[in-house]
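**Q** The opening position of the sequence shown corresponds to residue 409 in my numbering, with each subsequent residue numbered one higher.
Glycine included, each C-beta is placed from N, C-alpha and C at the ideal position.
Since we're looking at a predicted model, the values are computed, not measured.
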Amino acid sequence: MSFYTDIIRPNPLFASTKRIADLGLLEPVTRAAVQQIILDAAIQGIKLMVFETYRSQERQIELFNQGASKLRNVGVHHFGLACDLVKDVNGEPSWKGDFGFLKDLAEDNGLIWGGDWGNDTIVHSFVDSDHVQRINVADQARLFDVSWYPDADYEPVIV
Numbered sequence: 409m410s411f412y413t414d415i416i417r418p419n420p421l422f423a424s425t426k427r428i429a430d431l432g433l434l435e436p437v438t439r440a441a442v443q444q445i446i447l448d449a450a451i452q453g454i455k456l457m458v459f460e461t462y463r464s465q466e467r468q469i470e471l472f473n474q475g476a477s478k479l480r481n482v483g484v485h486h487f488g489l490a491c492d493l494v495k496d497v498n499g500e501p502s503w504k505g506d507f508g509f510l511k512d513l514a515e516d517n518g519l520i521w522g523g524d525w526g527n528d529t530i531v532h533s534f535v536d537s538d539h540v541q542r543i544n545v546a547d548q549a550r551l552f553d554v555s556w557y558p559d560a561d562y563e564p565v566i567v
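1. If distances are taken between C-alpha atoms only, which option among Y462, Q444, A450, I445 comes closest to G432?
2. Under a Cβ-count criterion, where at least 16 other Cβ atoms within 10 Å of its own Cβ denotes burial, should Q468 be classed as buried or exposed?
3. Quick check: what's the CA-CA separation for E460 versus Q444?
4. Residues bridged to Q639 by DSSP?
5. Below 8 Å on the Cβ atoms is my contact criterion, and I expect D496 with L456 to pass it. Report the Cβ-Cβ distance as a whole number of Å.
6. Shorter than 8 Å, the distance from the beta carbon of G475 to the closest heavy atom of the ligand HEM, or not?
7. According to DSSP, is D496 helix, strand or coil?
8. In chain order, what are the residue ranges of uninterrupted alpha helix (DSSP H) at least 4 long that sit wholly in the stretch 444-488?
9. Can you tell me where the alpha helix (DSSP H) holding L551 begins and where it ends?
10. Which whole-angstrom value describes the C-beta separation of T438 and R542, a residue pair presumed to lie in contact below a C-beta threshold of 8 Å?
11. With DSSP collapsed to three states, give me the class of P501.
12. For V442, count the other beta carbons within 10 Å of its own beta carbon; 16 or more makes it buried, fewer makes it exposed. Which is it?
13. By alpha-carbon positions, which one of V565, D536, L471, F487 ends up nearest to R480?
14. Given a cut-off of 9 Å on the beta-carbon distance, is the pair V565 and E515 in contact?
15. What's the C-alpha gap between V535 and G523?
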């Protein structure tokens, strides 16, 4: 059993086409890391908000069809292992400015930053600088075919 099979799959929001920003749909280690990132950013004077946590297959297809995502099939959000964090400007989400600060905050909290996908030595074709996730790219295929789910001891950041 896993957080995905026990919590996400039976959730009434499983097939929702709406944007979901519910921290309760993040796997517990991921949730704690995201909460700490928000606190750490606040110490730096940066106010963040959770923009999206869980994402259904239905929403993923909609975003793909709108050109807002490069993935047609489910991504890491679908498994409760990813979160999009944006700047909070007077209660409104903002993507303005540099999000490079998330790199160190993510790594310090055991997450991968979508700005370099855990490897800043190569140029990536897809950069998602407001995205953090608790899985490295090399393990995503196993996650997507539901043959594996990370346990609490899993360390995605390769230092």
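**A** Let me lay it out:
1. Your numbering for residue 432 matches position 24 in the sequence shown. Its Cα nearest to that of G432, the residue Y462 stands out among Y462, Q444, A450, I445.
2. For the purposes of this step, residue 468 is identified with residue 60 of the sequence shown, where counting begins at 1. Buried: at least 16 other Cβ atoms inside 10 Å.
3. Here residue 460 refers to the residue found at position 52 when the sequence shown is read from its first residue. Here residue 444 refers to the residue found at position 36 when the sequence shown is read from its first residue. Whole-angstrom Cα-Cα distance: 16 Å.
4. No answer is possible for residue 639: it lies beyond the span of the chain, which begins at 409 and ends at 567.
5. Indexing the sequence shown from 1 puts residue 496 at position 88. Indexing the sequence shown from 1 puts residue 456 at position 48. Rounded, the Cβ-Cβ distance is 6 Å, consistent with contact.
6. As presented, the structure is devoid of all ligands, the ligand HEM included, so that no description of it is given.
7. Against the sequence shown, residue 496 aligns to sequence position 88. Looking at D496 - three-state DSSP - the assignment turns out to be strand.
8. Correct list: 465-473.
9. Reading the sequence shown from its first residue, position 143 is the one you call residue 551. Segment 548-552, the alpha helix (DSSP H) holding L551.
10. Position 30 of the sequence shown, counting from 1, holds the residue named residue 438. Position 134 of the sequence shown, counting from 1, holds the residue named residue 542. Going by Cβ atoms, the distance from T438 to R542 rounds to 4 Å, so yes, they are a contact pair.
11. Along the sequence shown, one-based indexing puts residue 501 at 93. The three-state reading of DSSP puts P501 in strand, counting E and B together.
12. Position 34 of the sequence shown, counting from 1, holds the residue named residue 442. Buried, because 16 or more other Cβ atoms sit within 10 Å of the Cβ of V442.
13. Here residue 480 is taken as the residue at index 72 of the sequence shown, counted from 1. Checking every option, the nearest Cα to that of R480 belongs to L471.
14. Counting from one through the sequence shown, the residue named residue 565 turns up at place 157. Counting from one through the sequence shown, the residue named residue 515 turns up at place 107. Yes; because the gap between Cβ atoms is below 9 Å, this pair is in contact.
15. For this step, residue 535 is matched to residue 127 along the sequence shown. For this step, residue 523 is matched to residue 115 along the sequence shown. Taking the straight line from one Cα to the other gives about 5 Å.
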